[in-house]
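Chains as they are written, first to last, in the working numbering: chain W, 1 to 304; chain Z, 10001 to 11198.
Beta carbons are placed, not taken as given, at the ideal position from N, Cα and C, and that holds for glycine.
Below is one structure, written out as structure tokens, with a few remarks after it.
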Amino acid sequence: MADTAAGPGGSGTRSGSKQSTNPADNYHLARRRTLQVVVSSLLTEAGFESAEKASVETLTEMLQSYISEIGRSAKSYCEHTARTQPTLSDIVVTLVEMGFNVDTLPAYAKRSQRMVITAPPVTNQPVTPKALTAGQNRPHPPHIPSHFPEFPDPHTYIKTPTYREPVSDYQVLREKAASQRRDVERALTRFMAKTGETQSLFKDDVSTFPLIAARPFTIPYLTALLPSELEIQQMEETDSSEQDEQTDTENIALHISTGDPGTEKENASVLQQNSLSGSRNGEESIIDNPYLRPVKKPKIRRKK
Amino acid sequence: MSPTGIESSRMNRKKGDKGFESPRPYKLTHQVVCINNINFQRKSVVGFVELTIFPTVANLNRIKLNSKQCRIYRVRINDLEAAFIYNDPTLEVCHNESKQRNLNYFSNAYAAAVSAVDPDAGNGELCIKVPSELWKHVDELKVLKIHINFSLDQPKGGLHFVVPSVEGSMAERGAHVFSCGYQNSTRFWFPCVDSYSELCTWKLEFTVDAAMVAVSNGDLVETVYTHDMRKKTFHYMLTIPTAASNISLAIGPFEVLVDPYMHEVTHFCLPQLLPLLKHTTSYLHEVFEFYEEILTCRYPYSCFKTVFIDEAYVEVAAYASMSIFSTNLLHSAMIIDETPLTRRCLAQALAQQFFGCFISRMSWSDEWVLKGISGYIYGLWMKKTFGVNEYRHWIKEELDKIVAYELKTGGVLLHPIFGGGKEKDNPASHLHFSIKHPHTLSWEYYTMFQCKAHLVMRLIENRISMEFMLQVFNKLLSLASTASSQKFQSHMWSQMLVSTYGFLKSISNVSGKDIQPLIKQWVDQSGVVKFYGSFAFNRKRNVLELEIKQDYTSPGTQKYVGPLKVTVQELDGSFNHTLQIEENSLKHDIPCHSKSRRNKKKKIPLMNGEEVDMDLSAMDADSPLLWIRIDPDMSVLRKVEFEQADFMWQYELRYERDVVAQQESILALEKFPTPASRLALTDILEQEQCFYRVRMSACFCLAKIANSMVSTWTGPPAMKSLFTRMFCCKTCPNIVKTNNFMSFQSYFLQKTMPVAMALLRDVHNLCPKEVLSFILDLIKYNDNRKNKFSDNYYRAEMIDALANSVTPAVSVNNEVRTLDNLNPDVRLILEEITRFLNMEKLLPSYRHTITVSCLRAIRVLQKNGHVPSDCSLFKSYAEYGHFVDIRIAALEAVVDYTKVDRSYEELQWLLNMIQTDPVPYVRHKILNMLTKNPPFTKNMDSPLCNEALVDQLWKLMNSGTAHDWRLRCGAVDLYFTLFGLSRPSCLPLPELGLVLNLKEKKAVLNPTIIPEAGPANQESASNPGCHAQLAGFQNPFASSQDEEEVDMDTVHDSQAFISHHLNMLERPSTPGLCKYRPSSSRSSLMPQHSLGSDIIPTTKPQWTMELSRKGIGKEQPMEMSMHSMGAVPLSVFAKESTSSRHSEHHHHHHHEHKKKKKKHKHKHKHKHKHDSKDKDKEPFTFSSPASGRSVRSPSLSD
């Protein structure tokens, strides 16, 4: 059935795949037919007069598998020794590996009753279809040995990005940044207002201009005086970029007294004045300030 | 030096001036203060003091000390128990207050009370008896040690506790306590001699929680743990003799920062603020260096401490070797605007370390020397730090302030002399408070006093040169430092006290110049000079005829005689002329140097040597005068109103290099709205070399001119294109550049210009749409991401600009303001304000400047009728727990609301806050704002003005504010603003119209009801005051009359009516003995009447019936006529005293007559009646005529 179907028009046979129309497919079919001939001649040689099609198929299958295995295995051996072309010894080793006695081979080849099968018709080697030839394949760069596989078709790796022209217009950018920020701020504050207590300027309307209710702080000066995180972040950014204006004195002041702003902060609040002052004393041994001196232990006589 | 000058001055001054004579019969040498327990939870303090004194007289048996608030447990002298009496008359100034509700009376009583405990008069609240066992000891003038155990519980003044209500220990909560007060207030927290003139050495010990630091004066000798290791004791020694008033204390969980430049200087701040502290104080060493250099004197103390605390009483308080600052002065490197302000505070504090702390004063009248010198050297620091322009600008600003204040109030006297104690000599009779004591001074007066003091020091410098001036300071300091290192026994300590005499003497010694006239003019006498100048150019003689007039008759002015500098800029250059201002010479001829137009092509030389090209086409072709300046160096405390042509002002603005002149010409140009003025101002705005403050004020002037020229104005709105050119992108002019505030000058200009632009108005008197959208765009495109500075002040000013653009809403018949009829422009503004205000909650700005501006803007919208007037929003922001700037802004809005909406409720709310708010500064500020923007004034009729309010305020100043001098004086100021000096007009008249003067045996009109009582007060105002007051009476009557719809013809028109009354009153059986009397009882029962309020009490118709009936029938039952009297008395009085002198006279006569005859009888009768009524709980009670009290007066219930 496969034979008949091999025609160019045979489309219905194999689950409607397009393979049948393929030249590569024709090639494979031709090979397989040769194998069938081989199997049939071997059967004839063995004395069979006829064989069911199914058994011939099965045997063909087995033979094909065997040969394939030899090829695969031989390839492995060859690659194992860093070659691309298998040598005879590769085949021998393969056959040995597969449990075949190689020594019997010459005798078998020279047997008398063997039939000679004509070589399969030379079908044109199936050229891998060049589906998309987007330019020249790239040659190997000099550091890649030429035996390595060629680069794939350029279309698989060349990228031709497509995007809109970037907006470089200053005005639009500023406009965008401004409205974006405004929208974010608006949305955020509205959300806060919606989810919390609000105050309103109009008695009849509480939603148009919702004001987040004023909530007193326990320590109001902290929020009022300390720069917000955003500002600190900003300051760091701008500081790294342009430090020119910062006067020297300020820098010096910072360096001298920086010591350990972090630890200092924590310590001071956790009542370890003396340990703190001790550590500072170590750093700046010259400074003798009464507030940095360690706290004295009470004397027995002192009774205040 | 003229010896006579000094001689005469000596006559003027106290005898004691030569050397210091203590007012006390003993001398203090050393004091120990030990506070061994401080409880933050209960806000209490327990401790003791020990004073070491040497008697200076043999029979010393009583020792008077100062102490307020303290509970004194025990007093021992040399270990012997001593009896003591504690009496503080300032707690309640007037005891029988209800009779006299006039401020004159109060002020006198208050001055007397303060004087009764004044340490400078040798008095004190605490009087200790020396035990008889020690008398012999005392007679030998041997040392006494007074040991006093005391405690303080919830102090209301003197010591301020800040205890945030969060979780954690006191240290974790950031709880702290500090001493505070105005002038000598140390007696509030420990017993002492609370005088600036009583110096002694100190040992100070404070036992505090181990997590806390106690910062006090002098050297920290050691810190020792207590036995349980949970507390530690800070031991301080102050070996430099110091007055108790300069002792201070601050305890809290402070972070400690040793100054990296000066290790003896230590800075303290509250937890978490250390980075800010580092930045803020990084500058201080430069101030130190500056002062030490100019004074050629080392800083007198061995150490210096700065403490930054919350809820500060004042921003800067200087004490011996330490200063207490408001924590709100701390800032990071990103903040521009606060930086110079904070540095100024630091410099001020340090200047006071030398003069004020180290050098103290002999008496209150020498205060001006200290304030003057410290203010003056602070000014020198300003000049060095911020430049001459800033300095001159500041001097001008201070001068304008003091001039305005003196002209308003009638003068500030630097060196009050109280000879003989006669009231006539009272040097400050124009004021509603006594200037004899610092504690009776209005805070505003004191601020102005300091201002004038340093200006006068500058005048002295002008006279004797700065070099001599600094030599004098150096001399004072070196004398003091020599004295300070001496032992007490050397009697040198008084060298550390400065007196006016001593100061002047060393000026005369050092400089050899006689500055007596100057001192006499500015120090011994109050008032400023007011010049009016105009000129004419005499072409023939080529002479400038200058006319300078003075106004020395208005209050607050004085006559100036002496030299006056005039600078004339001519075509050939600038020439100084010194005119001699004499008694009668008004005209001065000044020869001109240049002929007009001669030197057309030449460059014109300026005062500073610069030569400039000018376009002279604008000037008068006949005159070579470009501009004229009177007193360019501000060497007189004066106000000058000078007339010159507009082009002269324009030249002056363009080419005069002195910023003061530029400022003056800007002010003058407001009156010349011409294109030329516009051009001159625009040019100044564009000129980068021009001082930024001048450019800023040019903005506002330009806005004013543009508004005056609105019909002829061409081109875009003023400043718009200028702003666009300076601050907007080249490619897209509607978008502002991303912020870059590296150049502060342009930063300030960028901030100010939109604010000024928003003041522009079009022909319809609306802010042009173009301007509003321009400002909205500025806000929209504001981008601070690339900026190294915070833009919070900039954004705040943008909101101010929005607020400035608001104009009154067009409203049709007072419709209610709703969202629907909101103007679309206002909607946009509101949108921005809402967003800003809400963003503040998420990303708060430094010092919440944006919230502050938003609150102000909302109030502006309310006031202009765009948003319903409502102060609940402000009230919520005014609550304790918000940042103080927010609170003040919110309170300002509430104060304004109270005024505009005449809300009694809000006024009560404010008054309540004055009494209960935990922050003294806020309480002070509310009073201050109410005084500045009063809900009503003494000449005004207001429903708010009623008896209950008078009572309330009276109580507040009489006893409610005894713990804070500043607050009490603030209450006095408010009372004065609301009611004036005499008895408040809303009060019912006192019972007795006439008082029998037993001494002189005649009856006189009750002094309490004489309008503007006392000849001493308000010379000119006496008559208008009287009328206004009466008008105040009439009005409520008129309105109630309208309401009542009674036929009042007979009542109104009414000689007849009055005589009716009088007849009736004369009837012996009538209880309304005095026609004035019933009003008190009645209107106190029914205040609505006197208020002219709309509410008609339900019982009213009945009375009106009676009223009309009474007009007719004489035969009324007693009760009836009483009732009627209640309803009409106002009319009676008003009519009577406005319409006819005659009837008044008549009256008196009647009274006199009646009084003499019936006095006893009536007294008896009424007493009786009174009692019975009380029993019956009849509402219509009234007091005995003799008692002179209103029944409802709270004093009775007390």
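Reduced DSSP secondary structure (H/G/I, E/B, other) of residue i
| i | result |
| --- | --- |
| K11154(Z) | Caution applies to K11154(Z), whose pLDDT of 44 falls short of 50 and renders its modelled position unreliable; the value that the coordinates give is listed next. It is helical. |
| V184(W) | helix |
| Y10781(Z) | coil |
| S10115(Z) | helix |
| P10563(Z) | strand |
| S10711(Z) | coil |
| L10065(Z) | strand |
| H10439(Z) | helix |
| Q10662(Z) | helix |
Short CB-CB distance (under 8 angstroms) between residue i and chain Z
| i | result |
| --- | --- |
| V295(W) | yes |
| F202(W) | yes |
| F209(W) | yes |
| F217(W) | yes |
| T189(W) | yes |
| N281(W) | Reliability of the predicted coordinates at N281(W) is poor, the pLDDT of 42 falling under 50, and the value obtained from them is presented with this limitation in mind. Taking Cβ atoms only, chain Z never reaches closer than 8 angstroms to N281(W), which makes this a no. |
| T195(W) | no |
| Q136(W) | no |
| S165(W) | Before going on, a small fix: residue 165(W) reads as Glu here, not Ser. Cβ-Cβ to chain Z under 8 angstroms: no for E165(W). |
| T156(W) | no |
| S168(W) | no |
Bounding residues of the beta strand (DSSP E) (the contiguous stretch that carries residue i)
| i | result |
| --- | --- |
| R10071(Z) | 10071 to 10077 |
| L10837(Z) | No beta strand (DSSP E) holds L10837(Z); the alpha helix (DSSP H) holding it covers 10824 to 10842. |
| Q10550(Z) | 10543 to 10550 |
| R10638(Z) | 10638 to 10642 |
| F10308(Z) | 10304 to 10309 |
| E10255(Z) | 10255 to 10258 |
Residue interval of the alpha helix (DSSP H) (run including residue i)
| i | result |
| --- | --- |
| R72(W) | 53 to 80 |
| F10229(Z) | Checking the sequence, you will find Met at residue 10229(Z) rather than Phe. Note, M10229(Z): premise wrong, no alpha helix (DSSP H); not H, not E. |
| L10930(Z) | 10920 to 10932 |
Residue i at chain W interface by Cβ criterion, 8 angstroms
| i | result |
| --- | --- |
| V10867(Z) | yes |
| L10544(Z) | no |
| D10917(Z) | no |
| P10717(Z) | no |
| T10239(Z) | no |
Distance CB(residue i)-CB(residue j) smaller than 8 angstroms
| i | j | result |
| --- | --- | --- |
| I10251(Z) | H10176(Z) | yes |
| F10206(Z) | F10048(Z) | no |
| S10506(Z) | P10300(Z) | no |
| K10145(Z) | I10077(Z) | yes |
| L10653(Z) | Q10662(Z) | yes |
| L10249(Z) | S10360(Z) | no |
| I10128(Z) | I10063(Z) | yes |
| A10347(Z) | V10287(Z) | yes |
| V10215(Z) | D10310(Z) | no |
| T10818(Z) | D183(W) | no |
Segments of 4+ residues assigned as alpha helix (DSSP H) that fall wholly inside the stretch 10013 to 10061 of chain Z: none
Ignoring anything shorter than 4 residues or poking outside the stretch 10321 to 10376 of chain Z, list the alpha helix (DSSP H) runs there in chain order. Those alpha helix (DSSP H) runs which fall completely within the stretch 10321 to 10376 of chain Z and span 4+ residues are 10338 to 10354.
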